Structure formats: structure tokens, C-alpha cells
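Visitor: Below are the C-alpha cells for one structure; questions will follow.
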């Protein structure tokens, strides 16, 4: 069996200087030389550490688990653990009395494989050399992250979960779960995530990656200890930020306003780009964008229906009306195909002006959606 | 008076190696030390050469002129002059018996100020030094291009035009014309161009510019004679190509198809990026994107209506249904404001799946629209 979390604190987790150790962060080693992680695209990892946080308590029957998956640049910290703890990225939805109720449920949130907030990624030491992997990190997919999460749940003694939930990349992982481990969960809730990456989303990701690679500070990925491709990553982030908003919300916020000789939208993109560059590893960004490109529930199946017919969980898919990155029609299509495959799937539209980022903003709309779906699961 | 075209052939036009001399290209010097061009943002050019082409013949009354404006990476060559001449960017619309009928009309198309296909731009020699301007080229706006075109028409002895027409950036110039020289034209036809640049379009342009500037081969703009920032320009072009298409058209063309280990959409963006890098000057791209950002018909006016009430021409504005760069609602808004200001303006929707680029693809739909508007002008 794999080692328990307490055993792995001696491990050098990451060479990425932006990694922030948090009070409630835990680590679990889920792969080692004896139990390596074989990856979907043929690679292998001889050492995988997962950084995760938990909220609430596991019930005696072990029937109150919720797995919450973060988006591209998120982490294992959706919510503050105490009053003085830093706020998380889904703060209004996770906590006592909130839709993901930490008084009732045992909520687990783990940093993704390939990430830079504690889980093994390109900035982690390659056990063969002791040096950071950089571009020697093997190619990964979101399914690999699901396998890592499964191993984490094994370590934690969780054999079944009530709900797997997430938005954007977190929603894609949730969907991968439902196909890969159909009997492991009662429900899956997916917000602003399609069944596969469209060519347009791949195109945006390509632009982001090319910008990072063009930065002379990228140095073929061997920048650890140096400045790193901060400018390239900032450009990649700017592309992201455009696609996370709607044309109208951006126009409403920034319009043609100017400050310091620049348009406000430019200052905003600079600010967002620079702040991501400080807190996110550029190589992680490269690997995760590529994993997003590879994302496709169909994979080797002959049809959408073929893949989806494996699903046993109840599924709730939410599209965001103004999402330009994963337009709601893609989510509608997914749910239609699920229904055609006999899945208990429902679709809801989150009427938001905020674009893709609606799932991180419109909590007042998500709140009843999550509560309703939770009730549907308990029924 | 300014010098006639025949006098300027001795001028070194450009240091940009991608500049292609065409058989029917003509040059006119429209500014010199004695008649400098004072620019909207305070700069000055002591030497301006315009590269242009003409089709058909000027009538004796001089009442058959059409000014056709090209888009961002276009040039003065909308159509082949002879059977053996290279095809142009609006080939099916310009020629004998075509909607812009070269048997009836005298059609003028000029490369924009700041461009790299013969008209003075950042690759042109600075008359003070003999060296290319590079980033010492003054900041320009689309209104400056209009002033340059006006001088060209003066040189050509044209005192009034029947129609000014263009798509995208060419449409913006046409609108600038209608406000700057209200009595100079009978009609203005604008396709896929709004009344001002939205914050989203500015955001896309910023990403493109940042990518060029990040390229170490950009060398602060002093790359002439060297490789130049081909990779940065290719990224900027990729951003453009995404915004010129619709999500659905891209999905239909590329989907998740792969070739040589890459997604087809990636190969396509590489191809488009590299081919632009060969034929377009990166500094021109920087200056023209900035001119697009500055584009705003309102300018110092108190309201949209204030600016638009100057217009005397009949106006036809065409939005492209699937345009994500300048969504059709922006064109609708513009026409509504024009009508509120008493302008004889009409709006039509070009139902196209091709996104912004519809104005360079859906000729079968544009053909009757142009013909109808021409009839409306002659009435």
C-alpha cells in the first residue's frame, strides 16, 4: 500500500519559488518506485506527491465525501479553514451552512498533477537526478490527474464519494471521473466545462504556450533559480483573461477608459499577468494547457454516446450564458448526448454577464443550483 | 502643390524586405519638408509617400470615383489588373461587370499610412537620418491615414467621390472619412467595423503587440537587415486569426483533427503566422494595432450623436452575424446612433458562419448588398 501523508513531509516538493506553504496543506505520496504512476500518454512517474486540503470530518460510514476540483490556476484551497485563514477561490460555497456544507460533508480538494502548488509537477525534483524536471516532465492528461486523485482517496480510506464537483478544468476532471470510475460517485456536477476541447480553445492555448516559449528567460524550461519567463507567462495569462470574460462585461468594466497613458484594459491585463507570473510556474502552465487540449471524453470510443454510456452517476451540467471559452451550446450538446446514452443528466444555464469566470463570481446563482442537485442526490 | 507620382520613383520606399513591388503600383509623394503631415497625436512626418493602384478611368466630370480601403494586413491590390496579374483580396467584387465595376468607375486603393506595402511607415527611411524609423516613427491614427488619402486624391485631381468602402480597418477609415470630410462623398459602405474600438479588441491587440516586443529579434524595433521578430509576429497573427473566425467555423474546419503530432488548428495557425511574418513588417503591425486601439469616431465629441451628426453621406453598415471581433450589435448601435443624428443610414446583417473574415469570404452575399447600395446612391 502507498504511504500515508505524514510520511512524505521530508520530500522536496517543488523548485518553484512561488509555491506557498499553507497551514492546512497536507501531502500524500501516491506513487513511488515500487508503485509508479503509468500515464495515459505512455510516460511514467516514479514519485508523485499530492498536496490537498480537507474540510469537515469523514463520517463513520464514509458516506459523506465530496471531491472538489480546482480550475487551471487554482489550488487545494477553496475556502478558509478558520476565521484568520486566507479566503479561498470558492469561499461562499464551501463552509459551515454553505452549499458544500463542511458541517455535514468531508470535502477534499487536491492540487492537480502537473500543478505548482504542492502536487508533483515540472518544478518538482526528478528522482533520477534530484533536479527539477522542467521539460523532462512527461506529458499528462486530465485523466492522469483523476488517477492521482483516486490514489489519494485510497490513501484516505475513501471508497465512495457523494459528489464530485468543479468548474472549468475542474469540471472536466469531474467528467473524466464519471467515465473512468463510474461506480465511485453518486453525482457529478460540472460548471462551464464541455465534453472535449474545441479547436478554438486549443488555438487560445497554443498562443499562450508560444508566448511562454518565446520568452528568452524560459531557457527551454530550465529557468529554476532564475527569473523565469514572467513576460511570456503574463502574455499567456492575458489571453486567458480575455477568454474568461465576455465582450460586454469587459466593455462595462473598462470601455475606453485610460490611466497613465494606457487603456484601463491594458493596465488590468498587465496586473493580472504579472500577478500570475509571481504565483504560478510557467512550465506547469505549459503542461496544463496541453492537458486541456488533450481533454476529450470520447477518446478511443466510437461515439460520444459510447463513452458516456459508462456513466452511472447522476450528472448536472451548468453552462454560463456569456461564456466565450466554452460556449453553453457545448454543454447542452454534452447533456443531450448523455441523455441519449441513458444517463440521468440535467442541464442548467447560469445567466451571467461575466463570461466563463461566472463560475467564480455568480455565487448567488450557483448556490441554489448546488443545493438542488445535492437534494436530488440524497433522494 | 504637392508633387505628382512620377516624381517620386527615386525614393527609397522601405527597408522592409517583404515589400513586393507590383506592376501596377504607383507612388505619390503627399508630404515633404515644405508641406509636412501634422498628425492627430502631435507628431509630424516630413516625407510621406503613398503606394496606390487604380482601376478603370476617371470620367470627364470626375464623378465616378470609388475609394476602396484595405484591412489591417491588406494592401493596394484588391484585384488583378490583367488576366496574368496576381489575384487581389476582393477579386470577385472589383473588376469589369463586378459590383465595383471597373468599366464604370475609377477605383482607387492605397496602402495605409504606417503600412509596409509601399506607403510610408516604420520601415521607411527617416529623412533626417536616412535610416529606417523603427520605433521613432510617430504614433498615428486612422484619421491620419484619411488625411493622407485626401492628399492623394488632391494629387490625382479628385474633388468628390461616389463611394468610400471597406471592411474591418478599411471600414473604420471609411467612417472616419464620413466625419472628417462630410461633403466629399455620396456614400459610405462599411463592413464589419464598429464606431470605436471596444476594450476586448484593445485587449487582443495588446496581446499581439506584447508578443512582438517579447521576441528578442525585435531589438527595440531596430531589426531591419536582420531576421526580425518573426516568431512574435506569428503569435500576434495567431491571435488575429482566432478573432477573425467564429468558434463554429473553426470547429467545422479543424475540430480535433491531428497531423504530425499536432492539432490541425495548430498547424494552421503556424502556417498563417509564418506566412504573415514573411510578408508583413512587425513594426507596421505594432503601429497599426495601436491605431486600431485609438479608433473612436466620438473622439472629443460629447456624444456619439454629436460626432455622427456631421455626416452628410448616405451610409450602409453591414455586420457579420458570427463576428466575434466586432460583434454585430456594435454595428447596430452605430447605425441607431446615426439615425438618431439624422443620418441616412441603414444596417444589414451578413448571415455568415465565417466570423469577421466573412467580408473576405462571403462574396455571394456582399455582391447584392453592394449593388443595392450603389443603386441607392445613384437614385
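Residue numbers (full-length UniProt numbering), protein chains in the order written: chain S, 1 to 379; chain E, 1 to 379. Ideal placement from N, C-alpha and C gives every residue a C-beta, glycine not left out. None of the values given here were measured: they were computed from a predicted structure.
1) Which residue wins for smallest C-alpha separation from residue 438/S, given the options 313/S, 168/S, 235/S, 304/S?
2) Helix, strand or coil for residue 54/E, going by three-state DSSP, please let me know.
3) Any chance the stretch 55 to 66 of chain S sits against the stretch 98 to 116 of chain S, with 3 or more Cβ pairs inside 8 Å?
4) Can you find the residues in the same chain that come closer than 8 Å, C-beta to C-beta, to residue 6/E, ignoring five residues on each side of it along the sequence?
5) Please determine if the stretch 132 to 148 of chain S and the stretch 21 to 28 of chain S are in contact, where contact requires at least 3 C-beta pairs separated by less than 8 Å.
6) I'd like to check one pair, residue 69/S with residue 191/S: are the Cβ atoms closer than 8 Å?
7) Residue 303/S touches chain E at which residues, Cβ-Cβ below 8 Å?
8) Evaluate contact between the stretch 195 to 204 of chain S and the stretch 323 to 333 of chain S, counting only Cβ atoms and requiring at least three cross-stretch pairs below 8 Å.
9) What do you get for residue 38/E, buried or exposed, if any count of 16 or more other CB atoms within 10 angstroms of its CB means buried?
10) What first and last residue would you give for the beta strand (DSSP E) that runs through residue 343/S?
11) Nearest to residue 318/E by CA position, among 253/E, 373/E, 310/E, 88/E, is which residue?
12) Which same chain residues, not among the five before or five after residue 277/E, have their C-beta less than 6 Å away from its C-beta?
13) Over the uninterrupted alpha helix (DSSP H) stretch that includes residue 169/S, give me the two end residues.
14) Closer than 7 Å by beta-carbon distance: list the chain S residues that pair up with residue 232/E, in chain order.
15) Would you mind stating whether residue 152/E and residue 52/E have Cβ atoms separated by less than 8 Å?
16) Tell me, to the nearest whole angstrom, how far the beta carbon of residue 370/E is from that of residue 189/E; I am working on the premise that it is less than 8 Å.
17) Just verifying my parser: in three-state terms, what is the DSSP assignment at residue 256/E?
18) I think residue 179/E touches residue 307/E, with their Cβ atoms under 8 Å apart; what is that distance to the nearest whole Å?
19) Is the CB-CB distance between residue 130/S and residue 13/S below 8 Å?
20) Could you spell out where the alpha helix (DSSP H) holding residue 456/E opens and where it closes?
21) Indicate whether residue 115/S and residue 283/S have their beta-carbon atoms separated by less than 8 Å.
22) Assuming residue 314/S and residue 377/S form a contact by the criterion Cβ under 8 Å, report the distance between their Cβ atoms to the nearest whole angstrom.
23) Under the rule that 16 or more other beta-carbon atoms within 10 Å means buried, what is residue 358/E, buried or exposed?
24) What's the gap between the Cα of residue 211/S and the Cα of residue 273/E?
25) Going by the DSSP bridge assignment, what does residue 109/S pair with across the sheet?
26) Quick check: what's the CA-CA separation for residue 213/S versus residue 220/S?
27) Bridge partners for residue 314/E per DSSP, in chain order?
28) Keeping to the same chain, check which residues put their C-beta closer than 6 Å to that of residue 354/S; ignore five residues upstream and five downstream.
29) Work out the CA separation of residue 237/E and residue 407/E for me, nearest whole Å.
30) Which class does residue 87/E belong to by DSSP, given the choice of helix, strand or coil?
31) Mapping DSSP to helix, strand and coil, what is residue 234/S?
32) Start and end of the alpha helix (DSSP H) containing residue 291/S?
33) Which first and last residues belong to the alpha helix (DSSP H) in which residue 150/E is found?
34) Just the chain S side, please: which residues come within less than 8 Å of residue 210/E by C-beta, in chain order?
35) May I ask which residues mark the beginning and end of the beta strand (DSSP E) holding residue 30/S?
36) So which residues on chain S does residue 191/E lean against when the C-beta distance must stay under 7 Å?
Guide: Reading off the structure:
1) Absent from the structure is residue 438/S, since the part of chain S shown begins at 1 and ends at 379.
2) One-based indexing of the second chain puts residue 54/E at position 54. It is a strand residue.
3) Enough Cβ pairs lie closer than 8 Å, so yes.
4) Position 6 of the second chain holds residue 6/E. For residue 6/E, the predicted structure reports a pLDDT of 43, less than 50, and the residue's modelled location is therefore unreliable. The matter cannot be settled from this model.
5) no
6) Mapped onto the first chain, residue 191/S falls at position 191. Mapped onto the first chain, residue 69/S falls at position 69. Taking 8 Å as the Cβ cut-off, residue 191/S and residue 69/S do not qualify as a contacting pair.
7) Position 303 of the first chain holds residue 303/S. Contacts between residue 303/S and chain E, judged by CB atoms closer than 8 Å, are missing: the closest CB pair is about 14 Å apart.
8) yes
9) Locating residue 38/E in the second chain gives position 38, counting from the first residue. It is exposed - the Cβ of residue 38/E has fewer than 16 other Cβ atoms within 10 Å.
10) Numbered from its first residue, the first chain carries residue 343/S at position 343. Where residue 343/S is concerned, there is no enclosing beta strand (DSSP E), given that its DSSP letter is neither H nor E.
11) Taking the second chain and counting its residues from 1, one reaches residue 318/E at position 318. Of 253/E, 373/E, 310/E, 88/E, the residue nearest in Cα terms is 373/E.
12) Taking the first residue of the second chain as position 1, residue 277/E is located at position 277. The residues are 230, 233, 234.
13) As a first step, residue 169/S is located in the first chain; it is residue number 169 there, counting from the start. Run containing residue 169/S: 169 to 180, per the alpha helix (DSSP H) assignment.
14) Residue mapping note: residue 232/E aligns to position 232 of the second chain, counting from 1. Ordered by position in chain S, the residues that pass the 7 Å Cβ test against residue 232/E are 214.
15) Residue numbering aside, residue 152/E sits at position 152 when the second chain is read from its first letter. Residue numbering aside, residue 52/E sits at position 52 when the second chain is read from its first letter. Yes.
16) Residue numbering aside, residue 370/E sits at position 370 when the second chain is read from its first letter. Residue numbering aside, residue 189/E sits at position 189 when the second chain is read from its first letter. That belief holds up - the Cβ atoms of residue 370/E and residue 189/E are roughly 7 Å apart, short of 8 Å.
17) The residue given as residue 256/E occupies position 256 in the second chain. Correct three-state label for residue 256/E: coil.
18) Taking the second chain and counting its residues from 1, the one referred to as residue 179/E is at position 179. Taking the second chain and counting its residues from 1, the one referred to as residue 307/E is at position 307. Right, their Cβ atoms sit about 6 Å apart.
19) The sequence position of residue 130/S within the first chain is 130, counting from 1. The sequence position of residue 13/S within the first chain is 13, counting from 1. Taking 8 Å as the cut-off, the beta carbon of residue 130/S is found no closer than this to the beta carbon of residue 13/S.
20) Lying before the first or after the last residue shown, residue 456/E is absent from chain E, which here runs from 1 to 379.
21) Here residue 115/S is taken as the residue at index 115 of the first chain, counted from 1. Here residue 283/S is taken as the residue at index 283 of the first chain, counted from 1. No Cβ-Cβ contact shorter than 8 Å links residue 115/S with residue 283/S.
22) In the first chain, the residue the question calls residue 314/S occupies position 314. In the first chain, the residue the question calls residue 377/S occupies position 377. Indeed they touch by this definition, with Cβ atoms about 6 Å apart.
23) On the second chain, residue 358/E is found 358 positions in, with the first residue counted as 1. So residue 358/E counts as buried.
24) As a working note, residue 211/S is residue 211 in the first chain. As a working note, residue 273/E is residue 273 in the second chain. Their Cα atoms are separated by approximately 13 Å.
25) Walking along the first chain from the start, residue 109/S turns up at place 109. Partner(s): 53/S, 68/S.
26) Locating residue 213/S in the first chain gives position 213, where the first residue counts as 1. Locating residue 220/S in the first chain gives position 220, where the first residue counts as 1. Cα to Cα, the separation comes out at about 7 Å.
27) Here residue 314/E refers to the residue found at position 314 when the second chain is read from its first residue. Answer is 187/E.
28) Here the question's residue 354/S lines up with position 354 in the first chain. Apart from sequence neighbours up to five positions away, the residues of its chain that approach residue 354/S with a beta-carbon distance below 6 Å are 249, 361, ordered along the chain.
29) Given a span of 1 to 379 for chain E in the structure shown, any question on residue 407/E remains unanswerable.
30) Residue 87/E sits at position 87 when you count from the first residue of the second chain. Coil at residue 87/E, not helix or strand.
31) Residue numbering aside, residue 234/S sits at position 234 when the first chain is read from its first letter. Of the three classes helix, strand and coil, the one that applies to residue 234/S here is helix, per DSSP.
32) In the first chain, residue 291/S corresponds to position 291, counting from 1. From DSSP, the alpha helix (DSSP H) with residue 291/S extends over 282 to 294.
33) On the second chain, position 150 is the one that residue 150/E refers to. Its alpha helix (DSSP H) spans residues 142 to 155.
34) Within the second chain, numbered from 1, the residue matching residue 210/E stands at position 210. Simply 211, 231, 234, 235, 238.
35) Here residue 30/S is taken as the residue at index 30 of the first chain, counted from 1. Taken as a continuous stretch (DSSP letters only), the beta strand (DSSP E) holding residue 30/S covers 26 to 31.
36) Here residue 191/E refers to the residue found at position 191 when the second chain is read from its first residue. The premise fails here: residue 191/E is roughly 19 Å from chain S at the closest Cβ pair, so nothing lies under 7 Å.
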